[in-house]
Amino acid sequence: MTSKISRLAAAFLMTLALAMTAAYASEPIKGWWEAGGAPQDYDFGTEHVDGAPSQKSAFIKCIVAAPQKWGTLSQAVSATPYLGKRVRLSAMLKTQDADSAQLWLQVQGSGNKMLSFDNMNDRPVKGTTDWKRYDAVLDVPKGA
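In structure tokens form, the structure reads like this:
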């Protein structure tokens, strides 16, 4: 994980792992950082998409023929307000020729110990799909 994560004793790690291709204009994504096993194999940004559920959509686009690993957009927030509660990460995803697009949600405790994790590995989005809502849901232990 990045140094941002290692400085957080109790955090959610929300990772938007999309594999989209489209015409785009790369713009920075405020509040998120680029990560993954091979972020250099991907372009990240935001774009205005006709028919999208919001005015601006984030994208992750593979820029090599055979990516070595995955690319992600990540964000961390304090778990404190959510202790003992159930949380949901929801996103509208649209894919084009995706090998696998997934939302990741994890709860970390002290020392970055992973307490709970949902990466949609059992329900990845594959191929070409239209806009659809996906969710990752976890319980946040009181000890997070």
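Going by the numbering used here, the sequence shown opens with residue -15, and the numbers climb by one from there.
Positions of the beta carbon are idealized from the N, C-alpha and C atoms, including for glycine.
Inter-residue Cα distance where the pair is residue i and residue j
i: G93; j: A63; result: 9 Å
i: T135; j: Y118; result: Nothing about residue 135 can be reported from this structure: the residues present for the chain run from -15 to 128 only.
i: W16; j: S84; result: 21 Å
i: T5; j: V61; result: Low confidence applies to T5: its pLDDT is 34, below 50, so where it sits in the model is not reliable, and the reading given next is rough at best. Distance between the alpha carbons of T5 and V61: 28 Å.
i: L99; j: D114; result: 33 Å
i: K110; j: Q80; result: 8 Å
i: A9; j: L89; result: Residue placement at A9 is flagged as unreliable, the pLDDT there being 46, under the threshold of 50; a coordinate-derived value is accordingly withheld.
i: A128; j: L67; result: 7 Å
i: F43; j: L77; result: 9 Å
DSSP three-state assignment for residue i, whether helix, strand or coil
i: D25; result: helix
i: P125; result: coil
i: M104; result: coil
i: K14; result: coil
Check your understanding: Do the segment 116 to 126 and the segment 58 to 72 meet, that is, are 3 or more Cβ pairs less than 8 Å apart?
Key -> A contact between stretches requires three or more CB pairs, one per stretch, nearer than 8 Å, and the segment 116 to 126 meets this requirement with the segment 58 to 72.
Point to revise | Contained beta strand (DSSP E) runs [length at least 3] in the segment 34 to 95, N- to C-terminal order | key: Counting whole runs of 3 or more residues, the segment 34 to 95 contains the beta strand (DSSP E) stretches 41 to 46, 56 to 62 and 70 to 92.
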